[in-house]
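S.K.:
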Amino acid sequence: MNDQLTHMAGQVTTGKMTRREFMGKAAALGVSAAMASTMFADAARAAGPKKGGDLKFGLQGGESTNSLDPATYASSVPFQNGKQFGDQLVEVAPDGTIEPRLAESVEGSADAKVWTFKLRQGVEFHNGKTMTSEDVLKTMQRHSNEDSKSGALGIMKGIESMKADGDNFQVTLTEPNADLPYLMADYHLIIQPDGGMDNPGAGIGTGPYKLEVDEPGVRHLFTKNENHWNSDFGNFDSVEVVVINDATARTAALQSGQVHAVNRVEPKVADLLGRAPNLTVHSTAGRGHYVFIMHCDTAPFDNNELRTALKYAINREELVDKVLRGYGSVGNDMPINAAYPLFDETIEQREFSIEKAAEHYKKSGHDGSPIILRVADGAFPGAVDAAALFQQTAAQAGIPLEIKREPNDGYWSEVWNVQPFCASYWGGRPVQDQMYSTAYLSTADWNDTRFKVQAFDDMLFAAKAELDVEKRKGIYSQMGRMVRDEGGLICPMFNDFVEGISNQLDGWESDPTQEMMNGNMSRKMWFV
Amino acid sequence: MHPIIKLVSQRLALGILLLFGASALIFGLTEALPGDAAQAVLGQSATPEALANLREEMGLNRPALTRYFEWLGGIVQGDLGQSLTNKLDISESIGKRLGNTLFLACVAAIVSVPLAIFLGLLAVRYRNRWPDKLISAITLTTVSIPEFLIGYVVIYFISVKLGWFSSLAMINDSMSFWQKLNAIALPAFVLTLVVLAQMMRMTRAAILNLMQSAYIETAELKGLSMFQVIARHAFPNAISPIVNVVMLNLAYLVVGVVVVEVVFVYPGMGQYLVDAVTKRDVPVVLACGVVFAAVYIGLNMVADVVSILANPRLRHPK
Chain A
355 MNDQLTHMAG
365 QVTTGKMTRR
375 EFMGKAAALG
385 VSAAMASTMF
395 ADAARAAGPK
405 KGGDLKFGLQ
415 GGESTNSLDP
425 ATYASSVPFQ
435 NGKQFGDQLV
445 EVAPDGTIEP
455 RLAESVEGSA
465 DAKVWTFKLR
475 QGVEFHNGKT
485 MTSEDVLKTM
495 QRHSNEDSKS
505 GALGIMKGIE
515 SMKADGDNFQ
525 VTLTEPNADL
535 PYLMADYHLI
545 IQPDGGMDNP
555 GAGIGTGPYK
565 LEVDEPGVRH
575 LFTKNENHWN
585 SDFGNFDSVE
595 VVVINDATAR
605 TAALQSGQVH
615 AVNRVEPKVA
625 DLLGRAPNLT
635 VHSTAGRGHY
645 VFIMHCDTAP
655 FDNNELRTAL
665 KYAINREELV
675 DKVLRGYGSV
685 GNDMPINAAY
695 PLFDETIEQR
705 EFSIEKAAEH
715 YKKSGHDGSP
725 IILRVADGAF
735 PGAVDAAALF
745 QQTAAQAGIP
755 LEIKREPNDG
765 YWSEVWNVQP
775 FCASYWGGRP
785 VQDQMYSTAY
795 LSTADWNDTR
805 FKVQAFDDML
815 FAAKAELDVE
825 KRKGIYSQMG
835 RMVRDEGGLI
845 CPMFNDFVEG
855 ISNQLDGWES
865 DPTQEMMNGN
875 MSRKMWFV
Chain B
9 MHPIIKLVSQ
19 RLALGILLLF
29 GASALIFGLT
39 EALPGDAAQA
49 VLGQSATPEA
59 LANLREEMGL
69 NRPALTRYFE
79 WLGGIVQGDL
89 GQSLTNKLDI
99 SESIGKRLGN
109 TLFLACVAAI
119 VSVPLAIFLG
129 LLAVRYRNRW
139 PDKLISAITL
149 TTVSIPEFLI
159 GYVVIYFISV
169 KLGWFSSLAM
179 INDSMSFWQK
189 LNAIALPAFV
199 LTLVVLAQMM
209 RMTRAAILNL
219 MQSAYIETAE
229 LKGLSMFQVI
239 ARHAFPNAIS
249 PIVNVVMLNL
259 AYLVVGVVVV
269 EVVFVYPGMG
279 QYLVDAVTKR
289 DVPVVLACGV
299 VFAAVYIGLN
309 MVADVVSILA
319 NPRLRHPK
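Set out below in structure tokens:
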């Protein structure tokens, strides 16, 4: 029997036998269906990526107001679209290193102030034009010049000058930054012909799939780009991104086989969904975190004793259990976790303690008037429930929290970064420097905790210029401790990306950078 | 001039006036909402600089009245303008979406209106006997359950368990008519269940009311069968209230089905409008609002005209 099966597996590996034939013959040999299915999958995997097939995504996070202009990307569907038709200069690999894309190599000067990207030659845009360093320069200018309205504008600050020089693209910074390549991996920075200056929303890039149909809020269809510079990328004939914002409709579509992959599986149904025979639920630890933020410069939160009291008064384990249903991990009041490179594992975890909370609250001398916490489920899924749990445990420590529900609509413009105490969400960044520069530097636009400490800023700049990894790790460790003990961030949990993938697909990799394998599923996966 | 034509032209003129009123109201209300399109688009990633640049580009810095009258100037020339957020032509997007909405509404109406009237007649024929009670019980149950729940139940059994129809009612231009019909089978079924009861009950009530009249007794005494009495003598006189409730339900099928659209991922007008409101895309909100108002006004006018035509006393006023 074994010989026979080995022979059959060999035929699968060489593509001579289909799944149906294999299962039928294996059953005839008395092998159970589950066993045969596993054997088939192993044999098919040994064959390596297969070409062909039409991949369909069912994604939450698309609206009829979406544009294909990369500067406007702010939700899942546009992000995924960009990854189909476009390439960045570099990409963050699943292991956190920098992977070349349109740049073949990156080199920094000794002081980490001048960065040179050597561009890949002979790369063609979908409109037939060949990519030049001018296109790269113009793209970066569009995201950083003074009329820019790009979502990447925040990370493009600190660039003194840029220039296109033959096959090279060069960036000069005002301050040293050893992590600059990570900034250039941002998903907004898709290289467009002429930088997208003339027609930013045309959906023309260098990516492995070409735009066919663009119906914002409904679907986006892409077909294989035969001229892509890397023939290993993109195993499918076509990729369709279908917008399914309703969670139940999304899981139903996956279960009935109408789509092959869905994002944002609700934690409460993830276990049940995982029992379906034709799909797998993947949970990937990421860098996104669900938080409550206090403005360090506004009373009563300008008192560190009160902030510390609130940090002790939250039961992290309970929140991970009840709000994330276990699909996540506890946070430590700093925006960094083990998913980041150079994370210091020795920083002590803050534990829930009614006594310590009560003690710090007493020391703060707060007058006992209700502390208003503003929440909406638009901040993060389950924010209202999380706030209610927080209120209960705080009350045990004698801290009066009052929850004020805000509408989802307009939450990011009216409440977040405006009100002194509210719920929020951070998607995380590829490296610690970027996370701290975005939201904890005194002068950052998105300093949503109003954390303004000169010593912290100095350390951040010292770390940017420090090329010795061990020393940098030490600085980051100190910075993390500082935010944890003095900052305005209450970070109870980091959420996982929970995604449902059909068993027809193979080649899954965990990638903590962004959801759905950092948008690389259509490049790296294939149909078995 | 014939009184009917006079009435229709009066109503049309009034309808256009109403549309202007509605557009002004919608514009005022969207302006009153907190935040603007630039903030909604940039969301959490907004910097003051990017916000200012985007506002400039979208023209949001100009006074509200100027923007409203510009929009009004465009619409009288038949130009609905461009979406603020994705720069797509609104007439084109709305044309597609409206076509989809009307297609679904038509299919649901073609099934539900005759079915409701037939069931109503049947209920009168067997009044207070088991067919009447069964029909009422089923239709009242389906109208009482929230439509998203019916939608989920239908998806679970028919799509996931049995695999007969697709739970995604996505239709596009490359599909044939029969493929489209197949795709929207489930939402059309759910909508039918939702609108059936009201029309059926109204038919039943209106006809039962007439059954007490003397001329019905005469017809019965002449020896006509029960069904003939209902169809020839009672129904024509009950048309007016029935048409009114049918038109209300048709209007609902066009403007009120956003929940069903979301559950079945159907690319109709409802979802388009909701997205535009969340992103404060005022020109799109206005365009959708005006289309919806026009549908309501138009269908109500049809109901009035049909009522008049069905009533000889109103048709030939002294």
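Each protein sequence line maps, in turn, to chains A and B. For what it's worth, my numbering labels the leading residue of the first sequence as 355, then goes sequentially. For what it's worth, my numbering labels the leading residue of the second sequence as 9, then goes sequentially. Ideal Cβ placement from N, Cα and C applies to all residues, glycine included.
Over the uninterrupted beta strand (DSSP E) stretch that includes glutamate 453 of chain A, give me the two end residues.
M.R.: Looking at the DSSP string, the run of the beta strand (DSSP E) that includes glutamate 453 of chain A is 452-454.
S.K.: Does tryptophan 172 of chain B pass the burial test, meaning 16 or more other C-beta atoms within 10 Å, or should it be called exposed?
M.R.: That one is exposed.
S.K.: Can you pull the chain B residues whose beta carbon is under 9 Å from the beta carbon of alanine 603 of chain A, in chain order?
M.R.: Per Cβ cutoff of 9 Å: Gly159, Tyr160, Ile163, Ser175, Leu176, Val270, Val271, Phe272, Val273.
S.K.: Have a look at tryptophan 186 of chain B and lysine 104 of chain B and give me their C-alpha separation to the nearest angstrom.
M.R.: Roughly 18 Å separates the two Cα atoms.
S.K.: Hey, would you say alanine 30 of chain B sits closer than 8 Å to glycine 297 of chain B, going by beta carbons?
M.R.: Their beta carbons are under 8 Å apart, which means alanine 30 of chain B touches glycine 297 of chain B by this criterion.
S.K.: In its own chain, which residues sit with a C-beta less than 8 Å from the C-beta of arginine 826 of chain A, not counting the 5 before and 5 after it?
M.R.: Result list for arginine 826 of chain A: Ala532, Leu696, Ala817, Glu820, in chain order.
S.K.: Checking contacts by CB at 8 Å: is glycine 51 of chain B closer than that to chain A?
M.R.: Judged by the 8 Å Cβ criterion, glycine 51 of chain B is in contact with chain A.
S.K.: If you count every other CB in all the chains shown that lies within 10 Å of the CB of histidine 324 of chain B, and 16 or more means buried, which is it?
M.R.: It is exposed - the Cβ of histidine 324 of chain B has fewer than 16 other Cβ atoms within 10 Å.
S.K.: Below 7 Å on C-beta distance, what does asparagine 311 of chain A contact in chain B?
M.R.: Any property of residue 311 of chain A remains undetermined from this structure, which presents chain A solely from 355 to 882.
S.K.: Alpha carbon to alpha carbon, what distance is there between tyrosine 536 of chain A and valine 785 of chain A?
M.R.: Approximately 7 Å between the Cα atoms of the pair.
S.K.: Short check: CB of proline 403 of chain A to CB of asparagine 589 of chain A, under 8 Å?
M.R.: In this structure, asparagine 589 of chain A lies closer than 8 Å to proline 403 of chain A by Cβ.
S.K.: Would the region 431-451 of chain A count as touching the region 301-320 of chain B if we require 3 or more Cβ pairs under 8 Å?
M.R.: No contact exists between the region 431-451 of chain A and the region 301-320 of chain B.
S.K.: Return the residue from the list A/Ile513, A/His636, A/Pro530 that minimises the CA-CA distance to phenylalanine 815 of chain A.
M.R.: Of the listed residues, the one whose Cα sits closest to phenylalanine 815 of chain A is A/Pro530.
S.K.: Looking at alanine 177 of chain B and proline 154 of chain B, is the spacing between their C-beta atoms short of 8 Å?
M.R.: Against a cut-off of 8 Å, the Cβ pair of alanine 177 of chain B and proline 154 of chain B comes out as no contact.
S.K.: Identify the contact partners of glycine 171 of chain B in chain A, using a Cβ-Cβ distance below 9 Å as the criterion.
M.R.: Residues of chain A passing the Cβ test: Ser610, Gly611.
S.K.: Check each candidate in B/Asp140, B/Ser175, B/Gly306, B/Val161 and name the one with the smallest Cα separation from leucine 25 of chain B.
M.R.: Nearest C-alpha to leucine 25 of chain B: B/Gly306.
S.K.: Would you say tryptophan 770 of chain A faces chain B, with C-beta separation under 8 Å as the test?
M.R.: So yes, tryptophan 770 of chain A belongs to the interface.
S.K.: Measure the CB-CB distance between alanine 751 of chain A and isoleucine 708 of chain A and report whether it falls below 8 Å.
M.R.: In contact: alanine 751 of chain A and isoleucine 708 of chain A (Cβ atoms closer than 8 Å).
S.K.: Would a check of beta-carbon distances place asparagine 61 of chain B closer than 8 Å to chain A?
M.R.: Closer than 8 Å to some Cβ of chain A, the Cβ of asparagine 61 of chain B qualifies, so yes.
S.K.: Considering only the beta carbon of each residue, do serine 418 of chain A and proline 570 of chain A sit closer than 8 Å?
M.R.: In this structure, proline 570 of chain A lies closer than 8 Å to serine 418 of chain A by Cβ.
S.K.: Tryptophan 2 of chain B by DSSP, collapsed to three states: which one?
M.R.: There is simply no residue 2 of chain B to check, as chain B begins at 9 and stops at 326 in what is shown.
S.K.: With isoleucine 316 of chain B and threonine 211 of chain B assumed to form a contact (beta carbons below 8 Å), what rounded beta-carbon distance in angstroms separates them?
M.R.: Not confirmed; about 20 Å, so no contact.
S.K.: Is the Cβ of valine 168 of chain B closer than 8 Å to any Cβ of chain A?
M.R.: True, the Cβ-Cβ gap to chain A drops below 8 Å.
S.K.: May I ask you to list, following chain order, the residues of the region 498-520 of chain A that have a beta carbon less than 7 Å from some beta carbon of chain B?
M.R.: So the list reads Asp501, Ser502, Lys503, Ser504, Gly505, Leu507, Gly508, given in the order they occur along the chain.
S.K.: Which of the three DSSP states is assigned to lysine 758 of chain A in this structure?
M.R.: In the structure shown, lysine 758 of chain A sits in a strand (DSSP, three-state: E or B).
S.K.: Using the C-alpha atoms, what's the distance from methionine 875 of chain A back to methionine 355 of chain A?
M.R.: Confidence is the limiting factor: at methionine 355 of chain A the pLDDT is only 45, short of 50, which leaves the residue's position unreliable and the question unanswerable from this model.
S.K.: Taking 8 Å as the CB-CB limit, is lysine 287 of chain B close to chain A?
M.R.: Closer than 8 Å to some Cβ of chain A, the Cβ of lysine 287 of chain B qualifies, so yes.
S.K.: List the whole-angstrom C-beta distance separating alanine 624 of chain A from arginine 661 of chain A, where the pair is believed to meet the contact cut-off of C-beta under 8 Å.
M.R.: Not a contact, Cβ separation roughly 34 Å.
S.K.: What residues are listed by DSSP as bridge partners for alanine 457 of chain A?
M.R.: Answer is A/Leu473, bridged to alanine 457 of chain A.
S.K.: Give a yes or no on whether 8 Å exceeds the smallest Cβ distance from threonine 38 of chain B to chain A.
M.R.: No, threonine 38 of chain B does not count as interfacial toward chain A.
S.K.: Quick one: give me the first and last residue of the beta strand (DSSP E) that threonine 109 of chain B is part of.
M.R.: Taken as a continuous stretch (DSSP letters only), threonine 109 of chain B belongs to no beta strand (DSSP E), being part of the alpha helix (DSSP H) at 98-133.
S.K.: With a threshold of 8 Å between beta carbons, is leucine 110 of chain B in contact with chain A?
M.R.: No, because no Cβ of chain A sits closer than 8 Å to the Cβ of leucine 110 of chain B.
S.K.: For the beta strand (DSSP E) holding phenylalanine 916 of chain A, just list the boundary residues, first then last.
M.R.: Missing from the structure shown is residue 916 of chain A; chain A here goes from 355 to 882 and no further.
S.K.: Are aspartate 423 of chain A and proline 547 of chain A close, meaning C-beta to C-beta below 8 Å?
M.R.: No, these two residues do not count as a Cβ contact at 8 Å.
S.K.: Would a C-beta distance cut-off of 8 Å place tyrosine 644 of chain A and proline 846 of chain A closer than the cut-off?
M.R.: Yes, the Cβ-Cβ distance between tyrosine 644 of chain A and proline 846 of chain A is below 8 Å.
S.K.: Would you mind stating whether leucine 755 of chain A and glutamate 672 of chain A have Cβ atoms separated by less than 8 Å?
M.R.: It is not a contact, given that the beta carbons lie outside the stated cut-off.
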